[in-house]
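Enquirer: Have a look at this one before I ask anything.
Residue numbers (my numbering), protein chains in the order written: chain A, 1 to 330; chain B, 1 to 244.
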């Protein structure tokens with residue numbers, strides 16, 4: 001695997017404010033990197049530095065072995081970028097905009113034709129090619145923004161909140177496109193929609209207050225949840241009391257929560273100590289006692305919980321209480 | 001070079017896709033013509049020249065050129081497209097020059113559309129067309145100077161109205177710096193040499209020379225230097241204000 005993007009000790013300050021604080025990571029060919037963090041955590045700033053829009057206060061960013069501050073033009077040629085909110089010239093048509101981008105990027109006639117056909121087909125914008133961009137819907141605008149970012153087949157595609165404000169169908173389409181690009185290119189997306197990270201990213205970086213707080217694949221990140229490997233049970237109300245008692249007596253069970261309760265049924269969650277696997281234990285114990293259970297499932301943990309645990313502390317907010325989490329799980 | 005031209009072409013097209021271009025051209029032509037005929041009493045003078053026509057150009061430009069220049073950067077910053085533009089493989093310098101050229105070409109088109117005046121004067125008499133050509137060139141150079149100043153101011157703000165007002169004020173200072181009001185303002189507290197160099201910056205003085213038909217290389221160099229310095233400052237401002 002070759003490293004396409006290498007960031008070392010990247011720091012960016014605006015006067016007294018440190019937007020990005022000593023961030024280092026590298027991205028290999030074929031990776032889809034999800035950049036997650038609360039608003040104002042430094043995601044966009046990092047992306048703006050990689051794309052050469054802002055210059056770093058200190059630290060180095062290398063794309064394909066070239067330093068961004070010393071070879072800005074070469075690097076800009078390799079990058080496709082969708083800035084946050086997809087700002088585009090409203091008075092231009094998507095056709096004119098893409099042609100402009102192809103010209104600035106010095107694509108040959110053949111590359112231009114191929115790139116435009118590809119982008120137009122992938123993003124389904126053939127119907128709006130000759131309408132001024134300012135008259136298009138939000139979804140179409142975003143797609144035009146994506147089209148101009150992929151028209152030159154960049155090695156590195158950087159998308160700042162590409163699905164923000166799109167409807168579920170449009171989100172789905174953008175994700176399909178990202179999945180398709182995965183493996184061939186390096187894609188970096190920033191988002192605060194965590195399901196997106198699960199859906200398309202091969203790796204997730206969590207950033208909070210400008211600092212990198214986690215860098216893992218989404219599954220391992222999920223495993224950091226305190227609910228990882230917790231066993232959920234759905235059973236009739238009359239069985240509940242016995243079951244709670246039983247679960248609490250088991251080895252490896254940290255606590256038992258009641259996540260839902262209706263007139264006829266109860267959902268329990270047995271949280272495992274250190275996220276160890278307890279399904280086997282729970283299952284055999286229940287069988288032995290002959291407790292009737294309608295459904296049994298293993299909780300993988302949700303990125304959202306991990307995200308909150310990781311970022312709350314750094315952000316200086318109050319640690320999420322168990323009650324909050326419980327309410328969420330309900 | 002090619003990059004500059006690509007940026008210019010896009011910018012020029014942007015002028016003509018918005019109503020601004022047509023409003024500007026119509027108003028410019030109406031005012032230029034109206035001032036010449038009614039205030040300049042062009043016909044009554046009975047002279048086959050365009051002196052009174054060019055006489056009003058500095059005053060027209062004072063308000064109309066900042067209107068052309070105000071959107072150049074303020075609009076980009078307001079809509080966020082500056083981020084899109086500056087992450088394309090073009091240098092800031094190329095964009096600054098490209099944008100300026102587009103606006104300058106646009107001003108040139110508006111100026112060229114005053115050709116019926118030239119046709120008329122040639123039908124009515126035998127003017128010295130050399131003088132007229134020199135005055136057109138001088139007028140266009142002066143427009144360039146005003147434009148470069150306006151573009152520079154436009155890069156300072158996201159608000160086009162502020163850009164317009166500030167640019168008009170700055171253009172006024174540059175235009176009038178040879179006039180007594182501005183001179184006496186400086187004379188009170190600066191050395192004589194400074195007062196004289198301020199007077200040298202006067203657009204009006206330099207333009208008057210050219211519009212008499214004397215293309216002095218010093219006047220040309222003056223306007224080109226103003227453009228050069230203003231665009232250099234423009235690029236520096238764009239670089240400095242990127243992150244804000």
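Just so you know, even glycine gets a beta-carbon here, dropped at the ideal spot from N, CA and C.
(1) Quick check on residue 104 of chain B: buried or exposed, where buried means 16 or more other Cβ atoms within 10 Å of its Cβ?
(2) Going straight from the alpha carbon of residue 330 of chain A to that of residue 233 of chain B, what length do you get?
(3) With H, G and I counted as helix, E and B as strand and the rest as coil, what does DSSP make of residue 94 of chain B?
(4) Have a look at residue 213 of chain A and residue 279 of chain A and give me their C-alpha separation to the nearest angstrom.
(5) Pick helix, strand or coil for residue 211 of chain A, following the three-state DSSP scheme.
(6) Classify residue 48 of chain A: buried if its beta carbon has 16 or more other beta carbons within 10 angstroms, exposed otherwise.
(7) In chain A, what lies closer than 9 Å to residue 240 of chain B by C-beta?
(8) With distances taken from CA atoms, which of B/163, B/201, B/164 is nearest residue 179 of chain B?
(9) Which one or two residues does DSSP pair with residue 117 of chain A in a beta bridge?
(10) So is residue 15 of chain B buried or exposed if we call it buried at 16+ other beta carbons inside 10 Å?
(11) Quick check: residue 187 of chain A and residue 219 of chain A, are their CB atoms within less than 9 Å of each other?
(12) Give me, in chain order, the residues of the same chain whose beta-carbon lies closer than 7 Å to that of residue 323 of chain A; leave out the 5 immediate sequence neighbours on both sides.
(13) With hydrogens ignored, establish whether the beta-carbon of residue 67 of chain A is closer than 8 Å to any heavy atom of the ligand NAD.
(14) Can you find a CB in chain A that lies within less than 9 Å of the CB of residue 10 of chain B?
(15) What span of residues does the beta strand (DSSP E) with residue 26 of chain A cover, start to end?
(16) Find out if the Cβ-Cβ distance for the pair residue 282 of chain A, residue 233 of chain A is shorter than 9 Å.
(17) Helix, strand or coil for residue 77 of chain A per DSSP?
(18) Taking the continuous alpha helix (DSSP H) assigned at residue 77 of chain B, which residues delimit it?
(19) In the DSSP assignment, find the alpha helix (DSSP H) that holds residue 236 of chain A and state where it starts and stops.
(20) Residues of chain A with CB closer than 9 Å to the CB of residue 79 of chain B, please, in chain order.
(21) Ignoring anything shorter than 4 residues, give me the alpha helix (DSSP H) runs that lie fully in the segment 26 to 95 of chain A, in order along the chain.
(22) Could you tell me the boundaries of the beta strand (DSSP E) in which residue 271 of chain A lies?
(23) Where does the unbroken beta strand (DSSP E) through residue 202 of chain B begin, and where does it stop?
(24) Listing by chain order, which chain A residues have their CB less than 9 Å from the CB of residue 90 of chain B?
(25) Taking the alpha-carbon of residue 31 of chain B as reference, which of B/219, B/110, B/166 has the nearest alpha-carbon?
(26) What's the gap between the Cα of residue 218 of chain B and the Cα of residue 194 of chain B?
(27) Among the residues of its own chain, which have a CB less than 7 Å from the CB of residue 100 of chain B, if the five just before and after it don't count?
(28) Work out the CA separation of residue 180 of chain A and residue 82 of chain B for me, nearest whole Å.
(29) Is the distance from the Cβ of residue 300 of chain A to the Cβ of residue 223 of chain A below 9 Å?
(30) Applying the 10 Å Cβ sphere with the 16-neighbour rule, what's the burial state of residue 328 of chain A?
(31) How big is the Cα-Cα spacing for residue 266 of chain A and residue 245 of chain A?
(32) Can you find the residues in the same chain that come closer than 7 Å, C-beta to C-beta, to residue 159 of chain B, ignoring five residues on each side of it along the sequence?
(33) Just reading off the alpha helix (DSSP H) that residue 145 of chain B is part of, what are its end residues?
(34) I want to see whether chain A comes within less than 9 Å of residue 24 of chain B, judged by CB atoms only; does it?
(35) When DSSP labels each residue in this structure, what does residue 47 of chain B get in the three-state scheme?
(36) Given residue 19 of chain A, which residues of its chain have a CB within under 6 Å of its CB, disregarding the five upstream and five downstream residues?
Expert: Taking the definition as stated:
(1) As a first step, residue 104 of chain B is located in the second chain; it is residue number 104 there, counting from the start. The residue in question, residue 104 of chain B, is buried, as its Cβ has 16 or more Cβ neighbours within 10 Å.
(2) Here the question's residue 330 of chain A lines up with position 330 in the first chain. Here the question's residue 233 of chain B lines up with position 233 in the second chain. With a pLDDT of only 42 at residue 330 of chain A, under 50, the local geometry of the prediction cannot be trusted, and the value read off the model is given with reservation. Taking the straight line from one Cα to the other gives about 60 Å.
(3) Within the second chain, the letter at position 94 stands for residue 94 of chain B. DSSP places residue 94 of chain B in helix when its eight states are reduced to three.
(4) The residue given as residue 213 of chain A occupies position 213 in the first chain. The residue given as residue 279 of chain A occupies position 279 in the first chain. Rounded to the nearest whole angstrom, the CA to CA distance from residue 213 of chain A to residue 279 of chain A is 30 Å.
(5) By one-based count along the first chain, residue 211 of chain A stands at place 211. The answer is strand: DSSP assigns residue 211 of chain A an E or B state.
(6) For this step, residue 48 of chain A is matched to residue 48 along the first chain. Burial call: buried.
(7) Counting from one through the second chain, the residue named residue 240 of chain B turns up at place 240. Under the 9 Å cutoff, chain A gives no residues; its nearest Cβ is about 11 Å from residue 240 of chain B.
(8) The count along the second chain starts at 1 and reaches residue 179 of chain B at position 179. Ranking the options by Cα distance to residue 179 of chain B, first place goes to B/201.
(9) The sequence position of residue 117 of chain A within the first chain is 117, counting from 1. Answer by DSSP bridge pairing: none, since residue 117 of chain A is not bridged.
(10) Numbered from its first residue, the second chain carries residue 15 of chain B at position 15. Buried, since its Cβ has 16 or more Cβ neighbours within 10 Å.
(11) Sequence index remark: in the first chain, residue 187 of chain A carries index 187 (1-based). Sequence index remark: in the first chain, residue 219 of chain A carries index 219 (1-based). Taking 9 Å as the Cβ cut-off, residue 187 of chain A and residue 219 of chain A do not qualify as a contacting pair.
(12) Locating residue 323 of chain A in the first chain gives position 323, where the first residue counts as 1. With a pLDDT of 49 at residue 323 of chain A, under the threshold of 50, the predicted position of this residue should be treated as unreliable, though the coordinate-derived value follows. Taken in chain order, the list of residues that qualify is empty.
(13) Within the structure as shown, the ligand NAD is missing, as the structure has no ligands at all.
(14) As a working note, residue 10 of chain B is residue 10 in the second chain. So, interface residue.
(15) Translated into the one-based positions of the first chain, residue 26 of chain A becomes position 26. Run containing residue 26 of chain A: 17 to 28, per the beta strand (DSSP E) assignment.
(16) For the purposes of this step, residue 282 of chain A is taken as residue 282 along the first chain, with counting starting at 1. For the purposes of this step, residue 233 of chain A is taken as residue 233 along the first chain, with counting starting at 1. Yes, Cβ-Cβ distance for residue 282 of chain A and residue 233 of chain A is below 9 Å.
(17) The residue you call residue 77 of chain A lines up with position 77 of the first chain. Residue 77 of chain A: helix per DSSP, three-state reduction.
(18) Indexing the second chain from 1 puts residue 77 of chain B at position 77. Run containing residue 77 of chain B: 71 to 79, per the alpha helix (DSSP H) assignment.
(19) Here residue 236 of chain A corresponds to residue number 236 of the first chain, with the count starting at 1. From DSSP, residue 236 of chain A is part of no alpha helix (DSSP H) but of the beta strand (DSSP E) over 231 to 236.
(20) Position 79 of the second chain, counting from 1, holds the residue named residue 79 of chain B. Neighbours of residue 79 of chain B on chain A, chain order: 87, 88, 89, 90.
(21) 43 to 50, 72 to 78
(22) Taking the first chain and counting its residues from 1, the one referred to as residue 271 of chain A is at position 271. 265 to 272 is the span of the beta strand (DSSP E), which, as asked, contains residue 271 of chain A.
(23) Within the second chain, the letter at position 202 stands for residue 202 of chain B. First-last for residue 202 of chain B: undefined, no H or E at that position.
(24) The sequence position of residue 90 of chain B within the second chain is 90, counting from 1. 73, 76, 104, listed in chain order.
(25) For this step, residue 31 of chain B is matched to residue 31 along the second chain. Cα-wise, what sits closest to residue 31 of chain B is B/110.
(26) Position 218 of the second chain, counted from the first residue, corresponds to residue 218 of chain B. Position 194 of the second chain, counted from the first residue, corresponds to residue 194 of chain B. Rounded to whole angstroms, residue 218 of chain B and residue 194 of chain B show a C-alpha spacing of 19 Å.
(27) For this step, residue 100 of chain B is matched to residue 100 along the second chain. For residue 100 of chain B, same chain residues with a beta-carbon under 7 Å away, outside a window of 5 residues either side, are 147, 148, 151, 231 in chain order.
(28) Here residue 82 of chain B refers to the residue found at position 82 of the second chain. Here residue 180 of chain A refers to the residue found at position 180 of the first chain. Those two C-alpha atoms are separated by around 29 Å.
(29) Indexing the first chain from 1 puts residue 300 of chain A at position 300. Indexing the first chain from 1 puts residue 223 of chain A at position 223. In this structure, residue 300 of chain A places its C-beta atom within 9 Å of the C-beta atom of residue 223 of chain A.
(30) As a working note, residue 328 of chain A is residue 328 in the first chain. The predicted position of residue 328 of chain A is uncertain, since its pLDDT is 49 and thus under 50; a value taken from the coordinates is nonetheless stated next. With fewer than 16 Cβ atoms within 10 Å of its Cβ, residue 328 of chain A is classed as exposed.
(31) Position 266 of the first chain, counted from the first residue, corresponds to residue 266 of chain A. Position 245 of the first chain, counted from the first residue, corresponds to residue 245 of chain A. Cα to Cα, residue 266 of chain A sits roughly 14 Å from residue 245 of chain A.
(32) Here residue 159 of chain B refers to the residue found at position 159 of the second chain. If we look at residue 159 of chain B and ignore the five residues flanking it on each side, its Cβ neighbours are 74.
(33) Here residue 145 of chain B is taken as the residue at index 145 of the second chain, counted from 1. Element bounds for residue 145 of chain B: 129 to 154.
(34) What you label residue 24 of chain B is simply residue 24 of the second chain in a count that begins at 1. With 9 Å as the cut-off, residue 24 of chain B does not count as an interface residue toward chain A.
(35) In the second chain, the residue the question calls residue 47 of chain B occupies position 47. Looking at residue 47 of chain B - three-state DSSP - the assignment turns out to be coil, as it is neither helix nor strand.
(36) Position 19 of the first chain, counting from 1, holds the residue named residue 19 of chain A. Cβ neighbours of residue 19 of chain A beyond the five flanking positions: 12, 42, 45, 210.
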